[in-house]
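Per our numbering, residue 17 is the first one in the sequence shown, and the count goes up by one each step.
We put the CB at the ideal spot given by N, CA and C, even for glycine.
Working notes for the structure below.
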Amino acid sequence: MTLHILYLHQHYSSPAGSTATRSHGLAQALAARGHAATLACGRYDGAESGLDGPFRRGRREGRAGSIRVVEFDIACSNAMGLPARAAAFLRYAAAATRLALTRRFDLIVASSTPLTVALPALAARALRDTPFVFEIRDPWPELPRAMGGVPGPLLGAMDRLATAACGRAAAVVALSDGMAATAVARGAEPERVHVLPNGCDLDLFGPHIAPWRPEQAGSQECVALYAGAHGRANGLGVLLDAAAILRAQGEARLRLVLVGDGSEKPALVARARQEGLDNVTFLDPMPRAAIGALHAGSQIALHLLANVPAFAEWTSPNKLMDGLAAGRPVVTNQPGRTARIVESGPSGIAVQPGDPAALAAALRRLATNAALRAAMGEAARRQAEARWDRRLLATRFCAVVEAAARSPAGVPARLGGAALP
Numbered sequence: 017m018t019l020h021i022l023y024l025h026q027h028y029s030s031p032a033g034s035t036a037t038r039s040h041g042l043a044q045a046l047a048a049r050g051h052a053a054t055l056a057c058g059r060y061d062g063a064e065s066g067l068d069g070p071f072r073r074g075r076r077e078g079r080a081g082s083i084r085v086v087e088f089d090i091a092c093s094n095a096m097g098l099p100a101r102a103a104a105f106l107r108y109a110a111a112a113t114r115l116a117l118t119r120r121f122d123l124i125v126a127s128s129t130p131l132t133v134a135l136p137a138l139a140a141r142a143l144r145d146t147p148f149v150f151e152i153r154d155p156w157p158e159l160p161r162a163m164g165g166v167p168g169p170l171l172g173a174m175d176r177l178a179t180a181a182c183g184r185a186a187a188v189v190a191l192s193d194g195m196a197a198t199a200v201a202r203g204a205e206p207e208r209v210h211v212l213p214n215g216c217d218l219d220l221f222g223p224h225i226a227p228w229r230p231e232q233a234g235s236q237e238c239v240a241l242y243a244g245a246h247g248r249a250n251g252l253g254v255l256l257d258a259a260a261i262l263r264a265q266g267e268a269r270l271r272l273v274l275v276g277d278g279s280e281k282p283a284l285v286a287r288a289r290q291e292g293l294d295n296v297t298f299l300d301p302m303p304r305a306a307i308g309a310l311h312a313g314s315q316i317a318l319h320l321l322a323n324v325p326a327f328a329e330w331t332s333p334n335k336l337m338d339g340l341a342a343g344r345p346v347v348t349n350q351p352g353r354t355a356r357i358v359e360s361g362p363s364g365i366a367v368q369p370g371d372p373a374a375l376a377a378a379l380r381r382l383a384t385n386a387a388l389r390a391a392m393g394e395a396a397r398r399q400a401e402a403r404w405d406r407r408l409l410a411t412r413f414c415a416v417v418e419a420a421a422r423s424p425a426g427v428p429a430r431l432g433g434a435a436l437p
């Protein structure tokens, strides 16, 4: 049976953009199963919807592969202040609610963050009896509360919204066991909570990709690549601390390359210049295919986050999956889930957060041991193929969505089979 599915993800991007493409892959997988998928998004910094026509009355629409995309003229970026981002979140929620209520859909997928994506799903559930799947990419308000800086009343409002979404969804998809536990704590029945982590794109990343290196990288340098957001949550100051240690040690075999953008990037660039960290190179955001080529031309993949204990079990990082898919040893400063993945290969080295000396030592160890890099890289690619192929995860996601659509109103969607780690 063909399902008409509305997939809500404000920060959606096609592979032409420089941000994550999980929703693109999952929506395309739904279409490949014969379903009619409409994806509604906003204008997220670094994302590319695949549409290039003019906006009319605040929106434009067209095809992106086998899915229909509706893009609202609502700009959003991590560089915005909290009030501006909150306004963008609410504007998107209002526009998506109108779309959800003016057309008949069999099911809605609401992908958070931002958490406000649950508002149109809840409205359609209440007014149209439309079932929805709530996807937790980052647990809000748990993570903002752990990081601090968000007003208490706003956290309280997010608490109520997250509890409503978890309690009324036909199914909840969480990207880690830790995120799944937050859904259960908010009233979701365990039988309808499914763990489906981020996966590896084995087409864009891997040994078959032609390598590319920035001109600043010498032919004998070992390149350690960080590709992702440069925000407060990423804690990239520790990488510059490690770069300073390596430079003081006279280590000339390593180059640290940071690709991306974010609110902290200007300060990071200024600090590197001020301290004369000539072993650090900053690059602008790149399309996903270019990131794949840069991974192929690098020797080490970096996964870094700020020293926030909640990150240990409440994240499912794309940077880790890209490094594994590329067949590169991953150096991470996160304990918990990420550390367990790289240690089980062993496909990398895990150090403690907030320890630049340990980070520098791990980088130096890999830079000076080509055999170790090769062994860990091969283990990384094996892990990517055996456990994290996003096509396998997409098949599981489609089964969850189809079961949720068949579930009678008010009855949890149940699906056999073990959850993926």
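Using 8 Å for Cβ pairs, my map puts residue i next to residue j. What's the rounded Cβ distance?
i	j	result
A109	L135	4 Å
T198	P160	Contact doesn't hold; Cβ gap of about 13 Å is too wide.
I152	A140	About 19 Å separates the two Cβ atoms, so there is no contact after all.
A148	A137	With the sequence shown as reference, residue 148 is identified as Phe, and Ala is not the correct amino acid for it. That belief holds up - the Cβ atoms of F148 and A137 are roughly 4 Å apart, short of 8 Å.
C57	E87	5 Å
L272	A283	With a Cβ gap of about 16 Å, L272 and A283 do not count as contacting.
R304	G41	Not a contact, Cβ separation roughly 11 Å.
P345	G393	6 Å
A342	H319	So it is not a contact: roughly 12 Å between Cβ atoms.
A201	G251	Their Cβ separation, rounded to whole angstroms, is 26 Å, which puts A201 and G251 out of contact at 8 Å.
I21	A52	7 Å
G66	V85	6 Å
Among the candidates the options, whose CA atom is the shortest distance from the CA of residue i?
i	options	result
V285	L270, A309, L255	L255
I261	A376, A419, L241	A376
P333	R353, V324, N323, P223	R353
T297	L274, A306, A326, R304	L274
E329	A342, L310, I357	I357
D219	G78, S93, G361, M337	M337
G278	A383, A116, L171, S34	S34
A126	D68, A43, I90, Y60	A43
G62	A36, A100, L98, S423	A36
P369	A391, D257, L408	D257
A102	P167, A226, G50	P167
Reducing DSSP to helix, strand and coil, say where residue i ends up.
i	result
L241	strand
L22	strand
A317	strand
E401	helix
F121	coil
E231	coil
E418	helix
A126	strand
A306	helix
A91	strand
A425	The predicted model places A425 with a pLDDT of 49, which falls under 50 and marks its position as unreliable, so this point remains unresolved.
Work out the CA separation of residue j and residue i for me, nearest whole Å.
i	j	result
A236	W228	According to the sequence provided, residue 236 is Gln. The question's Ala does not apply to it. Straight-line Cα distance between these residues: approximately 14 Å.
G74	Q265	55 Å
Q315	P223	12 Å
E64	Q232	28 Å
C182	Y23	17 Å
A47	A383	44 Å
A396	A402	10 Å
S192	N214	9 Å
G11	T179	This structure does not reach residue 11, given that the chain is present from 17 up to 437, and the question cannot be answered.
A208	P301	It is worth fixing the name first, because residue 208 is Arg in this sequence and not Ala. Spanning the two alpha carbons is a distance of roughly 37 Å.
P325	A245	19 Å
S39	V417	13 Å
R389	D217	21 Å
A373	R289	21 Å
E267	S30	39 Å
F221	Y28	20 Å
L212	R412	8 Å
L143	L170	26 Å
P70	T118	22 Å
T331	M195	8 Å
A186	L293	52 Å
R381	A387	11 Å
H210	V188	6 Å
V239	L379	10 Å
R287	G247	15 Å
D175	A249	21 Å
A355	G364	9 Å
G276	P99	23 Å
R184	R59	28 Å
A415	M17	13 Å
R79	N385	48 Å
S423	T146	11 Å
Could you tell me if the beta carbon of residue i falls within a distance shorter than 8 Å of some heavy atom in the ligand PLP?
i	result
L262	The ligand PLP is not part of this structure, which contains no ligands at all.
Which ranges would you report for the alpha helix (DSSP H) in the segment 158–226 if only whole runs of at least 4 residues count? 158–163, 168–184, 193–201
Ignoring anything shorter than 3 residues, give me the beta strand (DSSP E) runs that lie fully in the segment 248–299, in order along the chain. 270–275, 296–299
In chain order, which alpha helix (DSSP H) runs of at least 4 residues are fully inside the segment 323–380? 334–342, 353–360
What are the uninterrupted segments assigned as beta strand (DSSP E) that are 3 or more residues long and contained completely in the segment 37–83, given in chain order? 52–60, 75–80
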